[in-house]
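Add 281 to the 1-based position in the sequence shown for the numbering used here, that's all there is to it.
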Amino acid sequence: MDTSIIECADQLIIRPSITTVDGRPILSKIPAVAIPQGMSPVIEMILRDTEGRPINFTSCGFGTGSSSSAAPVSSSSSATAAASVKLRIREAMDVSQSTPVDIQGVFVQPDAGVVRARVPIGVTELTGIFNGNWGVISAEGDLVYSSRFFIVVEKSEFGTVNSNIRSGLPSVSEVRLRMRDNSPEDNPLLNTLEFDLSEICESMLHCVRQWNTMQPPIGISFNTTNFPNPYVLMDGVMGDLYLAAAKHYRRNQLAYTAGGLSVDDKNKAQEYEVTGDKMIQEYLKWVKMTKIQINKQAWDGSMGSGYAHIGRYR
C-alpha cells in the first residue's frame with residue numbers, strides 16, 4: 282500500500298500534532314486540534330503530566346472503556362465503573378456563566394493515558410476557538426487529573442450554520458498562506474513548520490483581547506466567533522507570531538564556527554521584531570480608530586458606520 286495515502290477512517294479520528302524544535306519534541310506544550318465546521322470527529326489524545334510524560338491510569342485502578350483502540354467511539358460510550366473520563370468544551374473567551382458542553386469519553390489505552398471522545402455536531406456549528414478540557418474522575422467522584430487544549434473550528438460550506446465571511450477569525454490555512462508557512466517544504470532551513478497550531482490560536486486570542494481591553498472603552502466586546510473584521514485581524518495575528526518568534530531567536534542565538542564553516546542561523550530576532558511590531562501597530566491603530574469612530578457616532582447620533590450592528594454583542 283502507498284504509505285502516502287491516508288485511509289478514509291483516519292479522517293474520523295483527530296490527534297494533535299507534536300511540535301518539534303531542532304528535531305526534539307515539545308511534549309509539555311498545550312495541544313491544539315482543528316475541526317472543519319459541521320464535522321463530528323473523534324478526538325484522541327494522550328494525557329500527560331506537566332513534563333510531558335504519559336500517565337499510566339491503571340495504577341489508579343482505571344480500566345479501558347473501549348474494546349478496540351482503532352474504532353471511533355460514540356458520545357454514549359462510557360468507561361468502566363472505576364473510571365470516568367469527561368471532555369468539557371467552551372468558547373475560549375466565554376466569560377458568562379453558561380454551561381459548557383459535557384462529553385463522555387473513554388480510555389483507549391489507560392496504561393498510556395490515551396483517551397477518546399466524540400465531538401457532537403452542535404459544538405462545530407459556530408467557527409472559532411474553543412477550550413477543550415479533559416477530566417479524569419475517580420470512582421469516589423474526585424477529580425484526579427485535568428488538562429486543557431485548543432479546538433479550532435474552521436469555516437466550511439458544510440457547516441450547519443452559515444458563516445459570515447466578514448466576521449469571525451481568519452482560517453489557520455489563510456494565516457499560513459500569508460506567512461508562507463504551509464509545510465516543512467516552505468522552510469528548508471528549519472525542515473518543519475515555524476508556527477504550530479497552538480501558537481496561532483494564542484495569537485488570535487491575544488488580538489481579540491486587545492480589542493476588548495484597549496482604550497477607549499465602548500462597552501462592546503467580542504469573542505472568537507463574532508470578531509467583526511478577520512482581514513484586519515490577520516495583520517495582528519501575523520505580527521504577534523513574528524514577535525513571539527523574535528523572542529525565540531534572541532534566546533537561542535549562538536554563532537559558532539566548526540570545520541571552517543561559520544553558522545549563525547538564529548540571528549533573526551531583529552528582522553522578526555521590526556516586521557512584527559510594524560504589523561501589530563497597524564492592527565492597534567485600526568482598533569483605536571474604530572473604537573473612536575463608534576464612540577463619536579454614539580455621542581452625536583450619526584449613522585452609517587459599518588459597525589452599527591455590533592451593539593447586539595453587548
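Beta carbons: idealized from backbone N, C-alpha and C, even for Gly.
Apply the 10 Å Cβ neighbour rule to T538 and answer buried if 16 or more other Cβ atoms are within range, or exposed otherwise. Label assigned to T538: exposed.
Is T494 helix, strand or coil by DSSP? Correct three-state label for T494: helix.
My output table needs one value for F439: the three-state DSSP class, helix, strand or coil. F439: coil per DSSP, three-state reduction.
Quick one: grab the DSSP three-state call for A351. Summary for A351: the model assigns pLDDT 34, below 50, so the residue's position carries little reliability; its value from the coordinates is reported in the next sentence. Secondary structure at A351: coil, using DSSP grouped into helix, strand and coil.
For V387, does the count of other Cβ atoms within 10 angstroms reach 16, so buried, or fall short, so exposed? Answer is buried; the Cβ neighbour count reaches 16.
For L514 and L474, believed in contact at Cβ under 8 Å, the rounded distance: Here L474 is actually not in contact with L514; their C-beta atoms are around 21 Å apart, not less than 8 Å.
Give a yes or no on contact between the segment 368-383 and the segment 338-345, applying the rule of three or more CB pairs nearer than 8 Å. Cβ pair count under 8 Å is below three, so no.
In three-state terms, what does DSSP make of N371? Residue identity differs from the one stated: residue 371 is Arg in this sequence, not Asn. If DSSP states are grouped into helix, strand and coil, R371 belongs with the strands.
How big is the Cα-Cα spacing for A526 and N463? Those two C-alpha atoms are separated by around 16 Å.
Would T505 and G409 be called neighbours here (beta carbons separated by less than 9 Å)? Yes; because the gap between Cβ atoms is below 9 Å, this pair is in contact.
So within the segment 506-579, which uninterrupted beta strand (DSSP E) runs reach at least 3 residues, ignoring any that extend past its ends? Every beta strand (DSSP E) of 3 residues or more that sits fully in the segment 506-579 is shown, in chain order, as 537-539 and 542-544.
For the putative contact between S427 and N412, defined by C-beta atoms under 8 Å, what is the C-beta separation to the nearest angstrom? About 12 Å separates the Cβ atoms of S427 and N412, ruling out a contact at the 8 Å cut-off.
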